[in-house]
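The sequence shown begins at 129 in my numbering and counts up by one. No residue lacks a Cβ here, since even glycine has one placed at the ideal position from N, Cα and C. Only a predicted model underlies this, so the values are computations on that prediction, with no experimental measurement involved. All remarks here apply to the structure that follows.
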Amino acid sequence: RLRLFIAAGFWLAATVGAWFFAQPVLDWLMIPARRSGAEFIFLGPQEALFTLVKLSILMGLMVSAPVWLYEAAAFAWPGLTRPERRTVLFSLPIILILFVLGITFAYFVLLQYVFRFFIGFAGPDITATFSIGSYVSFVISLTLPFGFVFQLPVLMAVLAYVGIITPAFLKANRRLALLAILVIAAVLTPPDVISQLAMAVPLYLLYEIGIWVAVLAQRRKREVERNV
């Protein structure tokens, strides 16, 4: 309970601090749409304020993510063996790096393409005008899931290490994995085919990387068992 309160308190403090950077971050998020010729409005008196609050909460959560991971690891630490502790220490930085890489990929690669694609359907006499609230929600729903999607190799390595799955099983079920990936992409992305495919393709590549990582995890497990 104490660790949960510490993590939540850090999140609250980070959210308050993030408020002072919410407007510059909002301006930065609008760059891809503005490059495509879009303009922005807000449809209600409270929309601009609520959008900045939403951004502050999300930024606070991202800044406090290392604290949440640390507190979760510290809670489980006494019950872990020495090899498991080494695995946790090795995995935590990788989890954070993959999360940042996923969001970075979605913002700098996917988001630019998605806006060029959709705005391209507008004729020369039509101006793209977005509500600021709906635009930020769209950007978050498109980029944030990639931070979690990029954790797939870590998840597969953990499952292989504990013996729930094997590399042979993963290789034999590629078709089922592809079907599951398409379903996940349809659920996590905005309801359009382009966004869904943009998530499904890198997700399947991560699945293939995960197979290789699972092989390494099993080898590591056998080495640990031989040394025990």
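*Give me the Cβ distance between Leu382 and Thr271, rounded to the nearest whole Å; I'm assuming they're in contact under 8 Å.*
Any answer about residue 382 is impossible in this case: the structure gives the chain only from 129 up to 356.
*Ordered along the chain, which non-local residues of its own chain (more than five positions away) have a Cβ less than 6 Å from that of Ile309?*
On the sequence shown, residue 309 is found 181 positions in, with the first residue counted as 1. Residues of the same chain with a CB within less than 6 Å of the CB of Ile309, apart from the 5 flanking positions on each side, are Ala328, Leu331 and Tyr332 in chain order.
*Expressed to the nearest angstrom, what Euclidean distance is found between the alpha-carbon atoms of Lys349 and Thr257?*
Numbered from its first residue, the sequence shown carries residue 349 at position 221. Numbered from its first residue, the sequence shown carries residue 257 at position 129. Cα to Cα, the separation comes out at about 55 Å.
*asked:* Quick check: the Cα distance between Ala202 and Ile292, rounded to an integer number of angstroms?
replied: Taking the sequence shown and counting its residues from 1, the one referred to as residue 202 is at position 74. Taking the sequence shown and counting its residues from 1, the one referred to as residue 292 is at position 164. Rounded to the nearest whole angstrom, the CA to CA distance from Ala202 to Ile292 is 24 Å.
*Taking Cβ to Cβ, would you say Ala150 is nearer than 9 Å to Leu183?*
One-based indexing of the sequence shown puts residue 150 at position 22. One-based indexing of the sequence shown puts residue 183 at position 55. Yes, these two residues count as a Cβ contact at 9 Å.
*Start and end residues, beta strand (DSSP E) containing Ser259*: Mapped onto the sequence shown, residue 259 falls at position 131. Where Ser259 is concerned, the enclosing beta strand (DSSP E) stretches over Thr257 to Ser259.
*Which residue's Cα is closest to the Cα of Tyr289: Val242, Arg303, Phe249 and Val341?*
Sequence index remark: in the sequence shown, residue 289 carries index 161 (1-based). Considering only alpha carbons, the answer is Val341.
*What is the rounded straight-line gap between the Cα of Leu140 and the Cα of Gly188?*
As a first step, residue 140 must be located in the sequence shown, where it is residue number 12. As a first step, residue 188 must be located in the sequence shown, where it is residue number 60. Rounded to the nearest angstrom, the two C-alpha atoms are 7 Å apart.
_To the nearest angstrom, how far is the alpha carbon of Phe133 from that of Leu180?_
If you number the sequence shown from 1, residue 133 lands on position 5. If you number the sequence shown from 1, residue 180 lands on position 52. Spanning the two alpha carbons is a distance of roughly 25 Å.
_Local conformation of Ile169 per DSSP, three classes_ = As a first step, residue 169 must be located in the sequence shown, where it is residue number 41. If DSSP states are grouped into helix, strand and coil, Ile169 belongs with the strands.
*By Cβ distance below 7 Å, which residues in the same chain neighbour Val153 in space, the five residues on each side in sequence not counted?*
On the sequence shown, position 25 is the one that residue 153 refers to. Closer than 7 Å at Cβ, skipping near neighbours: Leu183 and Met187.
*May I ask whether a heavy atom of the ligand SAM can be found less than 8 Å away from the beta carbon of Val264?*
No copy of the ligand SAM occurs in the structure displayed, which carries no ligand at all.
_Here's the rule: buried if 16 or more other CB atoms are within 10 angstroms of the residue's CB, otherwise exposed. What is Thr209?_
As a position in the sequence shown, residue 209 is number 81, starting the count at 1. Taking all protein chains shown into account, Thr209 has fewer than 16 neighbouring C-beta atoms within 10 Å of its C-beta and is therefore exposed.
*Which class does Arg350 belong to by DSSP, given the choice of helix, strand or coil?*
Walking along the sequence shown from the start, residue 350 turns up at place 222. The three-state secondary structure of Arg350, taken from DSSP, is helix.
*Hey, could you find the ends of the alpha helix (DSSP H) Pro152 is sitting in?*
Start at 1 with the first residue of the sequence shown, and residue 152 comes out as number 24. Per DSSP, the unbroken alpha helix (DSSP H) holding Pro152 starts and ends at Ala150 to Leu157.
*For Arg131, the three-state DSSP class (helix, strand or coil)*: On the sequence shown, residue 131 is found 3 positions in, with the first residue counted as 1. Three-state DSSP puts Arg131 in a helix.
*Cβ of Tyr235 within 9 Å of Cβ of Val267?*
Mapped onto the sequence shown, residue 235 falls at position 107. Mapped onto the sequence shown, residue 267 falls at position 139. Yes. Within cutoff.
*Helix, strand or coil: how does DSSP classify Phe278 here?*
By one-based count along the sequence shown, residue 278 stands at place 150. DSSP places Phe278 in coil when its eight states are reduced to three.
*Decide if Ser192 is buried, meaning its Cβ has at least 16 other Cβ atoms within 10 Å, or exposed.*
In the sequence shown, residue 192 corresponds to position 64, counting from 1. Classification for Ser192: buried.
*Cα-Cα separation, Met284 to Phe297*: Numbered from 1 along the sequence shown, position 156 holds the residue referred to as residue 284. Numbered from 1 along the sequence shown, position 169 holds the residue referred to as residue 297. C-alpha separation (whole angstroms): 11 Å.
*asked:* Quick check on Gly275: buried or exposed, where buried means 16 or more other Cβ atoms within 10 Å of its Cβ?
replied: As a first step, residue 275 must be located in the sequence shown, where it is residue number 147. With 16 or more other Cβ atoms inside 10 Å of its own Cβ, Gly275 counts as buried.
*Quick one: is Glu199 buried, meaning 16 or more other Cβ sit within 10 Å of its Cβ, or exposed?*
Position 71 of the sequence shown, counted from the start, is the residue given in the question as residue 199. Classification for Glu199: buried.
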